[in-house]
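**Student:** Numbering (numbering that gives the first Met the number 0), first residue to last: 0 to 294.
Just so it is clear, CB atoms sit at the ideal spot from N, CA and C, and this is done for glycine as well.
After the structure tokens below, expect a handful of questions from me.
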Amino acid sequence: MLAKKSLDQLQGDAESSHGLKKSLGALELTLLGIGCIIGTGIFVLTGVAAAKHAGPGIMLSFVLAGMACAFAGLCYAEFAAMIPVAGSAYTYAYATLGEFVAWTIGWDLILEYTVGASAVAIGWSGYLVKICHGIGIDLSVALTSPPGSVPGAIINLPAIIIVLIMTGVLVIGVKESAWFNNIMVTVKLAVVLLFIVMGVGHVNTANWTPLMPFGWTGVLTGASFVFFAYISFDAVSTRAEEAKNPQRDLPIGTMVSLAICTVLYIVVAAIMTGVVPYAKLDVPAPMAEVFSYIG
Numbered sequence: 000m001l002a003k004k005s006l007d008q009l010q011g012d013a014e015s016s017h018g019l020k021k022s023l024g025a026l027e028l029t030l031l032g033i034g035c036i037i038g039t040g041i042f043v044l045t046g047v048a049a050a051k052h053a054g055p056g057i058m059l060s061f062v063l064a065g066m067a068c069a070f071a072g073l074c075y076a077e078f079a080a081m082i083p084v085a086g087s088a089y090t091y092a093y094a095t096l097g098e099f100v101a102w103t104i105g106w107d108l109i110l111e112y113t114v115g116a117s118a119v120a121i122g123w124s125g126y127l128v129k130i131c132h133g134i135g136i137d138l139s140v141a142l143t144s145p146p147g148s149v150p151g152a153i154i155n156l157p158a159i160i161i162v163l164i165m166t167g168v169l170v171i172g173v174k175e176s177a178w179f180n181n182i183m184v185t186v187k188l189a190v191v192l193l194f195i196v197m198g199v200g201h202v203n204t205a206n207w208t209p210l211m212p213f214g215w216t217g218v219l220t221g222a223s224f225v226f227f228a229y230i231s232f233d234a235v236s237t238r239a240e241e242a243k244n245p246q247r248d249l250p251i252g253t254m255v256s257l258a259i260c261t262v263l264y265i266v267v268a269a270i271m272t273g274v275v276p277y278a279k280l281d282v283p284a285p286m287a288e289v290f291s292y293i294g
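This is the structure we're talking about:
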């Protein structure tokens, strides 16, 4: 239970199993990090956190959450450079703390990504419903909501479909999934940048007063709430074995993707609370709500 594996053993195991193809550079790893980080956190949770916890101070919440992730990200980057094999925290724990701790962390990671994938899929479903409603197509509540959430709800079919599609893409292969991820990163960044460009001219600074209606307690609560927005910042380290130059590329991919996402989160939060009064952002699709205000 307390057995450990040395770095030589871990690298030997990876090589003996033919390993994974080293095809990812710093750019691909950075895009991978951005693609994994940006998701439900910015598109869904920002509105709820602002309305219920932090108000316009949600901008400060993202700063605090980003700083916390940066410290953890530095540790991940150092470990990934030292132990450039697949497995992320599981592998690091196996090498330093032993088999039992690694086993526990491995299952915790599976749980984390399962819950995260579910939340992202549900958020995607909410935006799909909003978009369809905007073009005059009202999807059935019974097929777009989880059981018990609203009367008559049976299954969230769009969420299930998107999970199956993403699973299929990942099964095809690492190069193909990286290519698809690059496209999705481009789309998500385009949406975020479009939101910023369209919204910045409609910001009413009066909506930022008071900045912290719930005080520092609310800002800290908001930081713990939006920390979910950064939950996949460690995804870069899981691709350590596929990195061309892990000692150089992994730290770059981890920290640059985290820095870019933090800046984007702060700007989006500023525009979101500047255009729409924070109390009105407690909706499933806050970005769509802002676009409706803009017209």
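#1: Taking just the CA atoms, how far does TYR91 sit from ALA71?
#2: On the three-state DSSP scale, how would you describe ALA189?
#3: Please classify ASN180: does DSSP put it in a helix, a strand, or coil?
#4: Give the secondary structure of THR143 by DSSP, where H, G and I count as helix, E and B as strand, and everything else as coil.
#5: Determine the closest residue to MET310 out of ALA258, GLU288, VAL255 and PRO283, with distance taken between C-alpha atoms.
#6: Compare the Cα-Cα distances from MET66 to each of LYS243, ASP281, THR237 and VAL225 and report the closest residue.
#7: Keeping to the same chain, check which residues put their C-beta closer than 7 Å to that of ASP281; ignore five residues upstream and five downstream.
#8: Take the Cβ of SER291 as the centre, count every other Cβ of all protein chains shown within 10 Å, and call the residue buried at 16 or more, exposed below.
#9: What do you get for TRP123, buried or exposed, if any count of 16 or more other CB atoms within 10 angstroms of its CB means buried?
#10: Please state whether DSSP places ASN203 in a helix, a strand or coil.
#11: Using the beta-carbon count (16 or more within 10 Å), is SER256 buried or exposed?
#12: Rounded to whole angstroms, what's the CA-CA distance from LEU127 to SER22? Just pull it up for me.
#13: How many whole angstroms separate the CB atoms of PRO83 and TRP207, which I take to be in contact at a CB cut-off of 8 Å?
#14: Drop a sphere of 10 angstroms on the beta-carbon of PHE61, count the other beta-carbons inside from all chains shown, and report buried for 16 or more, exposed for fewer.
#15: Could you tell me the distance, in whole angstroms, from the CA atom of GLU77 to the CA atom of VAL100?
#16: Where does ALA242 sit, in a helix, a strand or coil, going by DSSP?
#17: Whole angstroms is fine: what's the gap from LYS279's alpha carbon to ALA242's?
#18: For the alpha helix (DSSP H) that contains PHE290, what are its first and last residues?
#19: So who's on the other strand from LEU23, going by DSSP bridges?
#20: Measuring CA to CA, which of LEU169, GLY135, ILE37 and GLY97 is closest to ALA189?
**Tutor:** According to the structure shown:
#1: 14 Å
#2: helix
#3: helix
#4: strand
#5: This structure gives no information on residue 310, because the portion of the chain shown stretches from 0 to 294.
#6: The shortest Cα separation from MET66 among LYS243, ASP281, THR237 and VAL225 belongs to VAL225.
#7: Only GLY46, VAL47, ALA50 and LYS51 meet the Cβ criterion.
#8: Result: exposed.
#9: By the 10 Å Cβ count, TRP123 comes out buried.
#10: coil
#11: buried
#12: Within the model, the alpha-carbon separation for LEU127 versus SER22 is close to 34 Å.
#13: That belief does not hold up - the Cβ atoms of PRO83 and TRP207 are roughly 45 Å apart, past 8 Å.
#14: buried
#15: 20 Å
#16: Of the three classes helix, strand and coil, the one that applies to ALA242 here is strand, per DSSP.
#17: 44 Å
#18: 285–293
#19: ALA242
#20: ILE37
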